[in-house]
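Worksheet for the structure shown next.
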Amino acid sequence: MIAGTAIGAAWHQLRMPPQTPAIVRRPFVEMPILVERATPRKDGDGWTGLGWITDRDGGLFRRRVALSVSGVCPAEGVELMLSGGLTPISGDADGYDAWLRSQGATLKLRGGRVLGELAPPSRFAVWRQAQQRRLDAWLRTLPWDDPDGGALLAATMLGRTALLPADAKEAFAATGTLHLFAISGLHIAGMAAALLWLAKRARLPELPSGLVILALLWLYVQVTGASPSSVRAWIMAAFLWGGRASDRDTPPLQSLALACAATLILSPEACTDAGFQLSYAAVLGIIAAGGPAANLCARPTEEERLTPVAAQTPAQKLRWRARKLLLGGLCVSLAATIAGVPLTLGLFGSASWGGVFVNLVLVPLSEIPLMLGMASVACSVSDWLAWPATWLNGLAAALLHLMTWIAQGCALVPSINLELALPHRWLGALGGVLLALAFLSQAQSKSLARLLGVPAAALAGWLLLVFFLHALS
Amino acid sequence: MARPDPLEQDSLTTDRFGHCPALWLALPLLLGCSMDAATGISPGPWLLVGGLAAVLGWFSDARQSSLESQS
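Residue numbers (this note's numbering), protein chains in the order written: chain Z, 1 to 473; chain W, 474 to 544.
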């Protein structure tokens, strides 16, 4: 354990760009930068992203820079000569700068201009960017004029919350349902299930069709920007499918741990990323407590067991099924919410307890526009299918408007969002670790009270500590 | 999670961690990466501690198995 921890720390140190405070001698600079991530601005005026300095002689070699540049958004992996105003990001920064620090950036380049291209991006990066633009435009095409509906669908399918209309984003964030617009298990599992069903209907051989489906899902993950939650979901899907294909038992917790290890080996700096932390915490909560608790709740009641099948009325069956769905969904939602509270409070200063209930409605509902959007994406292979695709987009956008309306209604409930600035930054991480241990310590319990009670008690204890330290400070 | 032995009362033991051995890879890695992100110590000391811990672990494991084979 000690050896693994120390080697993990050394690996992180070797892979991370320098984190010591940067000394900027001249505020206006011209320097070569390799672009790691680039996203066009919502208003279409320029782009923002992350890159690292490739100039070996300037004293800032390998430092990661947050970029804000005018002009056309380039493909990732391109090396550009950029000019602009360079400023350091302080270690104790708040808000957006704190997020930049969590991505390993120690510098900001503002008012950037591209002076020239030093090395081209890979063909795959160019293809990926072209597909992203094409899909964005394709999903925004509706039979009627509805820019907000198109933006909602593009955000859902491409996992870009930045595309959401401001009021919708605020409502989803306040109700703890913004995760619906991040590519995650919901998207990957839904797509995998639909593709596997199609492969089965077409009587395709299991092994090659499984590999093709995994490859298609990997392309989708890449086109949508390979966010930590989408990479996690894809790796888990690959391990689960690999286990099933080779007749080996692959528990979900094992797949989650393997996905975590693979991500940290490939990209150790991911451990400080908010998306990585929230994604793994929520899925750990669901696997270790939410899912088993939902199974316990789904056990037949005494009335159900004692009623012969022939004597069961349709109303009874409907009531029992609704009870199972409601209680099961509540357990999963509660576990995911508990797991995320310390992290969301630490990262954003707010956590939505209302998410426990709003997710019950919006998560199942979100699967419908997701499936419609997926069908529309499948239609994008040929321009001949543009007409049915616009109607699929229209239907999906209408449902997304309904979801936004529900979220906005729920966001009006007073105090649905717990606003609390943590007195110390380390408290968020401490709470995350505490809850992870609480979930793991009773992962195989058969008691509902222990499965959800132990993490809830750990969260309550952590909140008491936070309030105590808050009062002291 | 699946239990390899259905008769076993509690398989969440330290040696197998509930039949989820990948946790022994993921948790130290995550802990190490987080510790380094918080402290920012250069890789030399980390590698030294890691190497020493690995050698000590190997020696103690080898000693234990030789004692078990003798008895």
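Just so you know, even glycine gets a beta-carbon here, dropped at the ideal spot from N, CA and C.
### Query
With burial defined as no fewer than 16 other Cβ atoms inside 10 Å of the residue's Cβ, what is the status of valine 528 of chain W: buried or exposed?
Reading the second sequence from its first residue, position 55 is the one you call residue 528 of chain W. So valine 528 of chain W counts as exposed.
### Query
Which residues of chain W have a Cβ atom closer than 7 angstroms to the Cβ of leucine 19 of chain Z, listed in chain order?
Stepping through the first sequence from its first residue, residue 19 of chain Z is reached at position 19. It is glutamine, not leucine, that sits at residue 19 of chain Z in the sequence shown. Using a Cβ-Cβ cut-off of 7 angstroms, glutamine 19 of chain Z is close to Gly513 of chain W, given in chain order.
#### Entry: Nearest neighbour of aspartate 273 of chain Z, chosen from Z:Arg41, Z:Ser227 and Z:Ala93 [CA to CA]
Here residue 273 of chain Z is taken as the residue at index 273 of the first sequence, counted from 1. Of Z:Arg41, Z:Ser227 and Z:Ala93, the residue nearest in Cα terms is Z:Ser227.
### Query
Name the chain Z residues whose beta carbon is nearer than 8 angstroms to that of leucine 540 of chain W?
By one-based count along the second sequence, residue 540 of chain W stands at place 67. Simply none; closest approach about 22 angstroms.
#### Entry: Expected contact under 8 angstroms - CB spacing of glycine 91 of chain Z and proline 21 of chain Z to nearest Å
On the first sequence, position 91 is the one that residue 91 of chain Z refers to. On the first sequence, position 21 is the one that residue 21 of chain Z refers to. That belief holds up - the Cβ atoms of glycine 91 of chain Z and proline 21 of chain Z are roughly 7 angstroms apart, short of 8 angstroms.
### Query
Quick one: what's got a C-beta closer than 6 angstroms to serine 122 of chain Z's C-beta in the same chain, skipping five residues either side?
Within the first sequence, residue 122 of chain Z is the residue found at index 122, counting from 1. So the list reads Gly77, once near-sequence residues are dropped.
### Query
What is the C-beta distance between tyrosine 280 of chain Z and arginine 232 of chain Z, in whole angstroms, given that I count them as a contact (C-beta under 8 angstroms)?
On the first sequence, position 280 is the one that residue 280 of chain Z refers to. On the first sequence, position 232 is the one that residue 232 of chain Z refers to. Tyrosine 280 of chain Z to arginine 232 of chain Z, Cβ: 7 angstroms. Contact.
### Message
For histidine 12 of chain Z and glycine 505 of chain W, what's the separation of their Cα atoms in angstroms?
### Response
Along the first sequence, one-based indexing puts residue 12 of chain Z at 12. Along the second sequence, one-based indexing puts residue 505 of chain W at 32. Each residue's Cα considered, the two are about 8 angstroms apart.
### Query
Helix, strand or coil: how does DSSP classify alanine 261 of chain Z here?
Counted from its first residue, the first sequence places residue 261 of chain Z at position 261. Alanine 261 of chain Z: helix per DSSP, three-state reduction.
### Query
Does the separation of the CB atoms of glycine 517 of chain W and alanine 3 of chain Z fall below 8 angstroms?
Along the second sequence, read from residue 1 onward, the residue named residue 517 of chain W stands at position 44. Along the first sequence, read from residue 1 onward, the residue named residue 3 of chain Z stands at position 3. No, the Cβ-Cβ distance between glycine 517 of chain W and alanine 3 of chain Z is not below 8 angstroms.
### Query
In chain Z, which residues lie less than 7 angstroms from serine 526 of chain W when you measure between Cβ atoms?
On the second sequence, residue 526 of chain W is found 53 positions in, with the first residue counted as 1. A small fix is needed here, since residue 526 of chain W is alanine in this sequence, not serine. Ordered by position in chain Z, the residues that pass the 7 angstroms Cβ test against alanine 526 of chain W are Ile2, Ala3 and Ala6.
### Minimum Cβ-Cβ distance from proline 455 of chain Z to chain W less than 8 angstroms
Taking the first sequence and counting its residues from 1, one reaches residue 455 of chain Z at position 455. Taking Cβ atoms only, chain W never reaches closer than 8 angstroms to proline 455 of chain Z, which makes this a no.
### Message
Going by beta-carbon coordinates alone, are alanine 237 of chain Z and alanine 192 of chain Z separated by less than 8 angstroms?
### Response
What you label residue 237 of chain Z is simply residue 237 of the first sequence in a count that begins at 1. What you label residue 192 of chain Z is simply residue 192 of the first sequence in a count that begins at 1. Yes. Within cutoff.
### Query
Is alanine 429 of chain Z closer than 8 angstroms to glycine 329 of chain Z when the C-beta atoms are compared?
Reading the first sequence from its first residue, position 329 is the one you call residue 329 of chain Z. Reading the first sequence from its first residue, position 429 is the one you call residue 429 of chain Z. No, the pair does not count as a contact, with Cβ atoms beyond the cut-off.
### Task
Answer with buried or exposed for leucine 60 of chain Z, where buried requires no fewer than 16 other C-beta atoms within 10 angstroms of its C-beta.
Along the first sequence, one-based indexing puts residue 60 of chain Z at 60. Classification of leucine 60 of chain Z: buried, given that the 10 Å Cβ count is 16 or more.
### Task
Report, in whole angstroms, the separation of the C-beta atoms of serine 70 of chain Z and glycine 112 of chain Z, which I expect to be a contact under 8 angstroms.
Taking the first residue of the first sequence as 1, we reach residue 70 of chain Z at position 70. Taking the first residue of the first sequence as 1, we reach residue 112 of chain Z at position 112. About 7 angstroms; that satisfies the 8 angstroms criterion.
### Query
Can you name the start and end residues of the beta strand (DSSP E) that proline 40 of chain Z belongs to?
For the purposes of this step, residue 40 of chain Z is taken as the residue at position 40 of the first sequence. Segment 28-40, the beta strand (DSSP E) holding proline 40 of chain Z.
### Residues near tryptophan 482 of chain Z in its chain [Cβ-Cβ closer than 8 angstroms; skip 5 each side]
The requested residue 482 of chain Z is not part of the displayed model; chain Z covers only 1 to 473.
### Query
What's the call for leucine 153 of chain Z, buried or exposed, on a 16-neighbour Cβ count within 10 Å?
Stepping through the first sequence from its first residue, residue 153 of chain Z is reached at position 153. Buried, because 16 or more other Cβ atoms sit within 10 Å of the Cβ of leucine 153 of chain Z.
### Query
Taking C-alpha atoms, which residue in Z:Ala289, Z:Leu211, Z:Ala270 and Z:Val283 lies nearest to leucine 451 of chain Z?
For the purposes of this step, residue 451 of chain Z is taken as residue 451 along the first sequence, with counting starting at 1. Nearest option by C-alpha distance: Z:Ala289.
### Message
With distance defined between alpha-carbon atoms, name the residue in Z:Thr161, Z:Leu195 and Z:Ala202 nearest to glycine 210 of chain Z.
### Response
Here residue 210 of chain Z refers to the residue found at position 210 when the first sequence is read from its first residue. Taking only the C-alpha atoms, the option nearest glycine 210 of chain Z is Z:Leu195.
### Query
List, in order along the chain, the chain Z residues whose C-beta lies closer than 9 angstroms to that of serine 507 of chain W?
Position 34 of the second sequence, counted from the start, is the residue given in the question as residue 507 of chain W. Under the 9 angstroms cutoff, chain Z gives Gly8, Ala9, His12, Cys271, Thr272, Ala429 and Val433.
### Query
Around the C-beta of tryptophan 426 of chain Z, are 16 or more other C-beta atoms found within 10 angstroms, so that it is buried, or is it exposed?
Here residue 426 of chain Z refers to the residue found at position 426 when the first sequence is read from its first residue. The residue in question, tryptophan 426 of chain Z, is exposed, as its Cβ has fewer than 16 Cβ neighbours within 10 Å.
### Query
Does leucine 264 of chain Z come within less than 8 angstroms of chain W when only Cβ atoms are used?
For the purposes of this step, residue 264 of chain Z is taken as residue 264 along the first sequence, with counting starting at 1. Interface residue, yes.
### Query
Which whole-angstrom value describes the C-beta separation of aspartate 503 of chain W and leucine 264 of chain Z, a residue pair presumed to lie in contact below a C-beta threshold of 8 angstroms?
As a first step, residue 503 of chain W must be located in the second sequence, where it is residue number 30. As a first step, residue 264 of chain Z must be located in the first sequence, where it is residue number 264. Here the sequence assigns leucine to residue 503 of chain W, which means aspartate is not the residue at that position. Indeed they touch by this definition, with Cβ atoms about 6 angstroms apart.
### Query
Along the chain, where does the beta strand (DSSP E) that runs through methionine 81 of chain Z open and close?
Counted from its first residue, the first sequence places residue 81 of chain Z at position 81. Where methionine 81 of chain Z is concerned, the enclosing beta strand (DSSP E) stretches over 79-88.
### Message
In whole angstroms, give me the CA-to-CA distance for methionine 1 of chain Z and threonine 175 of chain Z.
### Response
Taking the first sequence and counting its residues from 1, the one referred to as residue 1 of chain Z is at position 1. Taking the first sequence and counting its residues from 1, the one referred to as residue 175 of chain Z is at position 175. So the two alpha carbons sit approximately 39 angstroms from each other.
### DSSP-derived helix/strand/coil call for glutamate 419 of chain Z
Against the first sequence, residue 419 of chain Z aligns to sequence position 419. Note: glutamate 419 of chain Z maps to strand in three-state DSSP.
### Query
Do you know whose CA, among Z:Leu418, Z:Met403, Z:Trp387 and Z:Leu240, lies nearest leucine 139 of chain Z's CA?
Taking the first residue of the first sequence as position 1, residue 139 of chain Z is located at position 139. When only C-alpha atoms are compared, the closest one is Z:Trp387.
### Query
Taking 8 angstroms as the CB-CB cut-off, is alanine 495 of chain W touching chain Z?
Position 22 of the second sequence, counted from the start, is the residue given in the question as residue 495 of chain W. Yes - at least one Cβ of chain Z is within 8 angstroms of the one on alanine 495 of chain W.
### Task
Would you list the one or two residues that DSSP bridges to lysine 108 of chain Z?
For the purposes of this step, residue 108 of chain Z is taken as the residue at position 108 of the first sequence. Bridge partners of lysine 108 of chain Z: Z:Ala66 and Z:Thr87.
### Task
Would you tell me roughly how many angstroms separate the C-alpha atoms of leucine 465 of chain Z and leucine 214 of chain Z, rounded to the nearest one?
Here residue 465 of chain Z corresponds to residue number 465 of the first sequence, with the count starting at 1. Here residue 214 of chain Z corresponds to residue number 214 of the first sequence, with the count starting at 1. So the two alpha carbons sit approximately 45 angstroms from each other.
#### Entry: Alpha carbon of cysteine 297 of chain Z to alpha carbon of glutamine 442 of chain Z, nearest angstrom
Along the first sequence, read from residue 1 onward, the residue named residue 297 of chain Z stands at position 297. Along the first sequence, read from residue 1 onward, the residue named residue 442 of chain Z stands at position 442. Between the alpha carbons of cysteine 297 of chain Z and glutamine 442 of chain Z lies a distance of about 17 angstroms.
### Task
Specify whether the segment 362-369 of chain Z and the segment 444-460 of chain Z touch according to this definition: at least 3 beta carbon pairs, one from each stretch, less than 8 angstroms apart.
The segment 362-369 of chain Z vs the segment 444-460 of chain Z: no contact.
### Query
If you count every other CB in all the chains shown that lies within 10 Å of the CB of arginine 52 of chain Z, and 16 or more means buried, which is it?
For the purposes of this step, residue 52 of chain Z is identified with residue 52 of the first sequence, where counting begins at 1. It is tryptophan, not arginine, that sits at residue 52 of chain Z in the sequence shown. Counting Cβ neighbours within 10 Å, tryptophan 52 of chain Z comes out buried, since at least 16 surround it.
### Message
Using only CA atoms, which one of Z:Thr177, Z:Glu36, Z:Ala166 and Z:Leu343 lies nearest to methionine 403 of chain Z?
### Response
Taking the first residue of the first sequence as 1, we reach residue 403 of chain Z at position 403. Among Z:Thr177, Z:Glu36, Z:Ala166 and Z:Leu343, the Cα nearest to that of methionine 403 of chain Z is on Z:Thr177.
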